[in-house]
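Comments concern the structure below.
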Amino acid sequence: MYPLSLLPSPLFPFAIIKSSPVPEQEPEVVYAGPFGQLTPVGGGDPIPLVKERLLIGRRGEVDIQLKFPNVSSQHCRLTLEHGYWFVKDLNSRNGTKVDERAVMRKRVDPGSKLSIAKHHYVCEYEPQSLGAYGPPPADDDYMEELMKSSLMDRAGLSNRKKTRGSE
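For the sequence shown, position 29 matches number 29 in full-length UniProt numbering, and the numbering has no gaps at all.
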(Lines of atoms letter the chains of each structure in order from A and count residues from 1; the text may use other names and numbers.)
(Lines give C-alpha, C1' and ligand atoms only; values in the text may rest on other atoms or scores of the structure.)
Protein backbone atom coordinates (compact mmCIF):
# COMPACT_ATOMS: atom_id res chain seq x y z
CA MET A 1 0.00 0.00 0.00
CA TYR A 2 1.25 3.48 -0.90
CA PRO A 3 0.94 6.57 1.29
CA LEU A 4 -2.00 8.81 0.35
CA SER A 5 0.21 11.31 -1.51
CA LEU A 6 1.81 8.58 -3.61
CA LEU A 7 -1.26 7.12 -5.26
CA PRO A 8 -1.21 7.18 -9.15
CA SER A 9 -1.72 10.57 -10.96
CA PRO A 10 -0.76 12.09 -14.38
CA LEU A 11 2.44 13.54 -12.91
CA PHE A 12 3.25 10.35 -11.16
CA PRO A 13 1.82 7.46 -13.21
CA PHE A 14 1.95 5.26 -10.22
CA ALA A 15 0.52 7.76 -7.70
CA ILE A 16 -2.76 9.66 -7.20
CA ILE A 17 -2.62 13.05 -5.55
CA LYS A 18 -5.81 13.29 -3.61
CA SER A 19 -7.34 16.76 -3.62
CA SER A 20 -9.13 18.09 -0.60
CA PRO A 21 -12.90 18.21 -0.95
CA VAL A 22 -14.42 21.57 -1.89
CA PRO A 23 -16.41 22.85 1.07
CA GLU A 24 -20.10 22.80 0.38
CA GLN A 25 -21.76 26.18 0.28
CA GLU A 26 -25.12 26.57 1.92
CA PRO A 27 -27.80 27.07 -0.70
CA GLU A 28 -29.08 30.63 -0.84
CA VAL A 29 -32.51 30.90 0.72
CA VAL A 30 -35.11 32.28 -1.67
CA TYR A 31 -38.25 33.72 -0.12
CA ALA A 32 -41.62 34.23 -1.76
CA GLY A 33 -41.36 38.02 -1.34
CA PRO A 34 -38.55 40.59 -1.23
CA PHE A 35 -38.98 41.06 2.53
CA GLY A 36 -39.48 37.40 3.49
CA GLN A 37 -42.55 35.24 3.84
CA LEU A 38 -45.13 33.78 6.19
CA THR A 39 -45.17 30.00 5.86
CA PRO A 40 -48.34 28.26 7.08
CA VAL A 41 -47.64 25.76 9.86
CA GLY A 42 -48.79 22.36 8.66
CA GLY A 43 -48.34 23.14 4.97
CA GLY A 44 -49.63 25.45 2.30
CA ASP A 45 -48.30 28.13 0.01
CA PRO A 46 -46.08 30.75 1.62
CA ILE A 47 -47.42 34.30 1.78
CA PRO A 48 -44.90 36.79 0.34
CA LEU A 49 -44.02 39.87 2.36
CA VAL A 50 -43.91 42.43 -0.47
CA LYS A 51 -44.05 45.80 1.32
CA GLU A 52 -42.66 47.34 4.48
CA ARG A 53 -46.18 47.88 5.90
CA LEU A 54 -48.78 45.15 5.48
CA LEU A 55 -52.37 45.15 6.71
CA ILE A 56 -53.68 41.64 7.41
CA GLY A 57 -57.37 40.84 7.65
CA ARG A 58 -60.45 39.16 6.20
CA ARG A 59 -61.82 41.94 3.97
CA GLY A 60 -60.70 42.78 0.44
CA GLU A 61 -59.06 46.17 1.19
CA VAL A 62 -56.14 44.57 3.10
CA ASP A 63 -52.67 43.67 1.81
CA ILE A 64 -52.83 40.05 3.00
CA GLN A 65 -56.32 38.60 2.93
CA LEU A 66 -57.09 35.62 5.17
CA LYS A 67 -60.58 34.42 4.29
CA PHE A 68 -61.45 32.82 7.62
CA PRO A 69 -64.50 33.80 9.71
CA ASN A 70 -62.45 34.09 12.93
CA VAL A 71 -60.04 36.65 11.37
CA SER A 72 -61.16 40.26 11.88
CA SER A 73 -61.73 42.48 8.84
CA GLN A 74 -58.58 44.42 9.83
CA HIS A 75 -56.84 42.03 12.20
CA CYS A 76 -53.21 43.18 12.53
CA ARG A 77 -50.45 45.16 10.83
CA LEU A 78 -46.91 44.02 10.03
CA THR A 79 -44.25 46.73 9.77
CA LEU A 80 -40.59 46.40 8.90
CA GLU A 81 -38.44 48.49 11.26
CA HIS A 82 -34.63 48.54 11.14
CA GLY A 83 -34.57 45.15 9.39
CA TYR A 84 -37.02 43.40 11.77
CA TRP A 85 -40.73 42.70 11.43
CA PHE A 86 -43.10 43.95 14.13
CA VAL A 87 -46.76 42.97 14.47
CA LYS A 88 -49.47 45.16 15.97
CA ASP A 89 -52.88 43.77 16.83
CA LEU A 90 -55.65 46.12 15.68
CA ASN A 91 -58.06 45.28 18.52
CA SER A 92 -59.06 42.06 16.79
CA ARG A 93 -61.70 39.83 18.31
CA ASN A 94 -59.59 36.65 18.36
CA GLY A 95 -56.16 38.16 18.98
CA THR A 96 -52.65 37.96 17.63
CA LYS A 97 -49.87 35.87 19.17
CA VAL A 98 -46.12 35.57 18.74
CA ASP A 99 -44.69 32.26 19.92
CA GLU A 100 -47.92 31.43 21.78
CA ARG A 101 -48.03 34.76 23.70
CA ALA A 102 -50.89 37.20 23.09
CA VAL A 103 -49.48 40.56 22.03
CA MET A 104 -50.55 44.09 21.26
CA ARG A 105 -47.27 45.02 19.55
CA LYS A 106 -44.17 42.85 19.37
CA ARG A 107 -41.06 42.15 17.33
CA VAL A 108 -41.40 38.97 15.25
CA ASP A 109 -37.95 37.42 15.03
CA PRO A 110 -36.98 35.09 12.16
CA GLY A 111 -38.41 31.63 12.79
CA SER A 112 -41.03 32.90 15.26
CA LYS A 113 -44.56 31.57 15.06
CA LEU A 114 -47.12 34.28 14.28
CA SER A 115 -50.71 33.31 15.12
CA ILE A 116 -53.56 35.30 13.62
CA ALA A 117 -56.73 34.12 15.36
CA LYS A 118 -56.24 30.31 15.18
CA HIS A 119 -54.08 30.37 12.02
CA HIS A 120 -50.35 29.83 12.51
CA TYR A 121 -47.45 30.96 10.33
CA VAL A 122 -43.67 30.87 10.62
CA CYS A 123 -42.16 34.26 9.84
CA GLU A 124 -39.11 33.74 7.62
CA TYR A 125 -36.69 36.52 6.70
CA GLU A 126 -33.06 37.58 7.12
CA PRO A 127 -32.67 40.83 9.10
CA GLN A 128 -29.19 41.59 7.73
CA SER A 129 -30.45 41.50 4.14
CA LEU A 130 -33.21 43.94 5.18
CA GLY A 131 -30.83 46.50 6.65
CA ALA A 132 -30.45 45.31 10.25
CA TYR A 133 -27.18 45.84 12.06
CA GLY A 134 -26.17 45.54 15.68
CA PRO A 135 -28.54 44.13 18.27
CA PRO A 136 -32.26 43.83 17.44
CA PRO A 137 -34.45 46.82 18.28
CA ALA A 138 -36.22 46.84 21.64
CA ASP A 139 -39.11 44.45 21.97
CA ASP A 140 -42.23 46.52 22.65
CA ASP A 141 -43.87 43.97 24.96
CA TYR A 142 -41.11 44.51 27.50
CA MET A 143 -41.50 48.28 27.27
CA GLU A 144 -45.29 47.98 27.59
CA GLU A 145 -44.97 45.89 30.75
CA LEU A 146 -42.39 48.30 32.12
CA MET A 147 -44.63 51.30 31.50
CA LYS A 148 -47.60 49.58 33.19
CA SER A 149 -45.68 49.24 36.44
CA SER A 150 -45.48 52.13 38.85
CA LEU A 151 -42.34 54.18 39.30
CA MET A 152 -41.98 52.71 42.79
CA ASP A 153 -42.15 49.16 41.34
CA ARG A 154 -39.52 50.01 38.74
CA ALA A 155 -37.24 51.38 41.44
CA GLY A 156 -37.80 48.26 43.57
CA LEU A 157 -39.30 50.27 46.42
CA SER A 158 -42.93 49.15 46.41
CA ASN A 159 -42.44 46.07 48.60
CA ARG A 160 -40.36 47.78 51.26
CA LYS A 161 -41.84 47.47 54.71
CA LYS A 162 -42.25 50.59 56.75
CA THR A 163 -40.04 50.61 59.78
CA ARG A 164 -41.37 51.72 63.11
CA GLY A 165 -40.82 55.38 63.76
CA SER A 166 -40.07 56.30 60.15
CA GLU A 167 -43.37 58.04 59.58
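Note that the Cβ used here is the ideal one computed from N, Cα and C, for glycine as well.
If you keep only unbroken beta strand (DSSP E) runs of at least 3 residues inside the UniProt domain "FHA" (54-103), you get 76-81, 84-89 and 96-98.
Counting the other CB atoms within 10 Å of its CB gives R59 a total below 16, which places it among the exposed residues. In this structure the region 113-120 touches the region 64-71; the number of beta carbon pairs closer than 8 Å is three or more.
Around the C-beta of G36, 16 or more other C-beta atoms lie within 10 Å, and the residue is accordingly described as buried.
Within the same chain, Cβ atoms closer than 6 Å to the Cβ of S112 are found at V98, D99 and C123, the five residues on either side in sequence being excluded.
Ranked by how close their Cα comes to the Cα of V62, the residues K88, E52 and Q74 have Q74 in first place. Boundaries of the beta strand (DSSP E) harbouring L114: K113 to I116, taken from the DSSP string. Between G33 and G83, the CB-CB gap reaches or exceeds 7 Å. The three-state reading of DSSP puts P127 in helix, counting H, G and I together.
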